[in-house]
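Asker:
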Amino acid sequence: MSENLSPKHAVAIVEHIPFPVVLMDRQGCVCGYNPAFEQLVGRLQASDLQGRNYSGLVNHPVRMLLGSDRFLRWTDRNDAEHHFEVHCIELPGEACEQARLYVDVSKQVELEQAQTRLNEELKQHVLTDPVTGLLNSRGIVLALEPQVARSRRYNSAMSVIMMEVHCEGDQEPLLLHVARLLKDQLRWADLIGCNEQRELILVLPETTEASAQQLGGKLERLLAEASDEIDAGKLGTCYGVAGWRKKDNAGTLLRRAGMALSEARARQTGHAIAL
Numbered sequence: 018m019s020e021n022l023s024p025k026h027a028v029a030i031v032e033h034i035p036f037p038v039v040l041m042d043r044q045g046c047v048c049g050y051n052p053a054f055e056q057l058v059g060r061l062q063a064s065d066l067q068g069r070n071y072s073g074l075v076n077h078p079v080r081m082l083l084g085s086d087r088f089l090r091w092t093d094r095n096d097a098e099h100h101f102e103v104h105c106i107e108l109p110g111e112a113c114e115q116a117r118l119y120v121d122v123s124k125q126v127e128l129e130q131a132q133t134r135l136n137e138e139l140k141q142h143v144l145t146d147p148v149t150g151l152l153n154s155r156g157i158v159l160a161l162e163p164q165v166a167r168s169r170r171y172n173s174a175m176s177v178i179m180m181e182v183h184c185e186g187d188q189e190p191l192l193l194h195v196a197r198l199l200k201d202q203l204r205w206a207d208l209i210g211c212n213e214q215r216e217l218i219l220v221l222p223e224t225t226e227a228s229a230q231q232l233g234g235k236l237e238r239l240l241a242e243a244s245d246e247i248d249a250g251k252l253g254t255c256y257g258v259a260g261w262r263k264k265d266n267a268g269t270l271l272r273r274a275g276m277a278l279s280e281a282r283a284r285q286t287g288h289a290i291a292l
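In the working numbering, the protein residues as written are 18 to 292.
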C-alpha cells in the first residue's frame, strides 16, 4: 500500500483524519500538527507550539500532550477531561522525525470506571463469602441484628465464637473442609460466617458463654483430629468467645469476640473469653 501512496495523499490523510496528530523533529521541537489537534487545543495554543521545544514549555497548558507517556489524562480549556492513548510513529529520513497520534479513549475509560463502581456497589449487596459459601461480614451483621433484638426482648442468652484456623498448606481447601465440619456440628438455628480476614464466625442463639466455650473446645479437638484428612500439614486453631450483654448490638458483640480472638492469639492459649 505504501508504494502506491504519494506524499500528497499522505498529507491529505493526516489533514482529514479525526485523530489529533503532532509532528516533532529530532530536537523535540513541534514542526507541525493537523486540524484535529488544532481543534482539540485551540488555534492560539496550537500555533504557539510551532517550532518550540518540549523542554521549554514549562507550565504550558499543552505540555502534557507532548511528553513520553503512552496513556495520559488531559483537561482542555473548557475543563473537559480527556483520556488519550498515544501512538508514536517514527518517520526516518524526514525533517520531522516522529508523528504522535492521539486516540481518545475517554468513553472506554468512563465505561471501565462505571464497571468498577458497579462492582463495588454489588460487593456491598453480596451476603456470602465466595470461597466458603458462608455468610460474609455483611451477611453476619444482617443475620445477627434480629438475634440481638430477640435476646434483648426476652433476656435470652446468645454467644459468638470467632475462630481462626490456619495451616502450612493452601488455606482455601482447609476453609472449605472446616465450613463443612462446622455445619455438621452446629444446630439448625446457629449461624456460620467467614469474614475478609478468613476468620470464622459462629452465632449461637440460646447459648451461654460457658456453653459456647465448651463448644469451642470441642470444635478445636475435632479440627485437630481432621488435620490428617485434609492433608494441610500442621493445623493451628485459636478462638475467642463473647456472650451477649444488655448493652450489646451486633457490632459491639462482634468486636468483643474479635478482641477475645486477638487475646487468644497474643497469649497463645488457643482460646479467650471477652470481658
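Ideal Cβ placement from N, Cα and C applies to all residues, glycine included.
Can you tell me the Cα-Cα spacing of L292 and E189, whole angstroms?
Answerer: Interpretation of L292 is limited by its pLDDT of 48, a score under 50 that renders its predicted location unreliable; no figure is taken from the coordinates.
Asker: In the DSSP assignment, what residue or residues form a beta bridge with M180?
Answerer: Partner(s): L217 and Y256.
Asker: So which of A259, H104, Q231 and G210 has the shortest CA-CA distance to R273?
Answerer: Per the Cα distances, A259.
Asker: Spell out the partners DSSP gives T92 in its beta bridges.
Answerer: Answer is E98.
Asker: Please report the straight-line C-alpha distance between E107 and N136, rounded to a whole angstrom.
Answerer: Cα to Cα, the separation comes out at about 40 Å.
Asker: With a CB to CB cut of under 6 Å and the five nearest residues on each side skipped, what residues in its chain are close to D93?
Answerer: Within the same chain, D93 has no close Cβ partners at all.
Asker: Pull up the distance between the alpha-carbon of L199 and that of D96, whole angstroms please.
Answerer: Using only the alpha carbons, I get a separation of about 57 Å.
Asker: Identify the residues that DSSP records as bridge partners of P222: which are they?
Answerer: P222 pairs with M175.
Asker: Ends of the alpha helix (DSSP H) at D42?
Answerer: It is not in any alpha helix (DSSP H) - D42 instead sits in the beta strand (DSSP E) that spans V38 to D42.
Asker: Near R43, what residues of its chain come up, given a Cβ to Cβ distance below 6 Å and the 5 sequence neighbours on each side ignored?
Answerer: These residues qualify, in order along the chain: E114.
Asker: Look at the alpha carbon of E226 and the alpha carbon of R197, and state the distance between them as a whole number of angstroms.
Answerer: Going by the C-alpha atoms only, they are around 24 Å apart.
Asker: Starting from A283, trace the alpha helix (DSSP H) both ways and give me its first and last residue.
Answerer: Element bounds for A283: A267 to R284.
Asker: With distances taken Cα to Cα, identify the nearest neighbour of S279 among L144, M179 and G110.
Answerer: With distances taken between Cα atoms, S279 lies closest to M179.
Asker: Kindly say whether F101, judged by its beta-carbon, lies nearer than 8 Å to any beta-carbon of chain B.
Answerer: Absent here is chain B; the protein component of the structure consists of one chain.
Asker: Return the Cβ separation of D86 and V103 in integer angstroms, given the expectation that the two are a contact with Cβ distance under 8 Å.
Answerer: Confirmed, Cβ separation roughly 7 Å.
Asker: Taking C-beta to C-beta, are H142 and V126 nearer than 8 Å?
Answerer: No, Cβ-Cβ distance for H142 and V126 is not below 8 Å.
Asker: Starting from the C-beta of C211, find all residues in its chain whose C-beta is less than 8 Å away, skip the five residues before and the five after it, and write them out in chain order.
Answerer: Cβ within range, chain order: D146, V148, T149, L151, L152, N153, L192, A196, L217 and I218.
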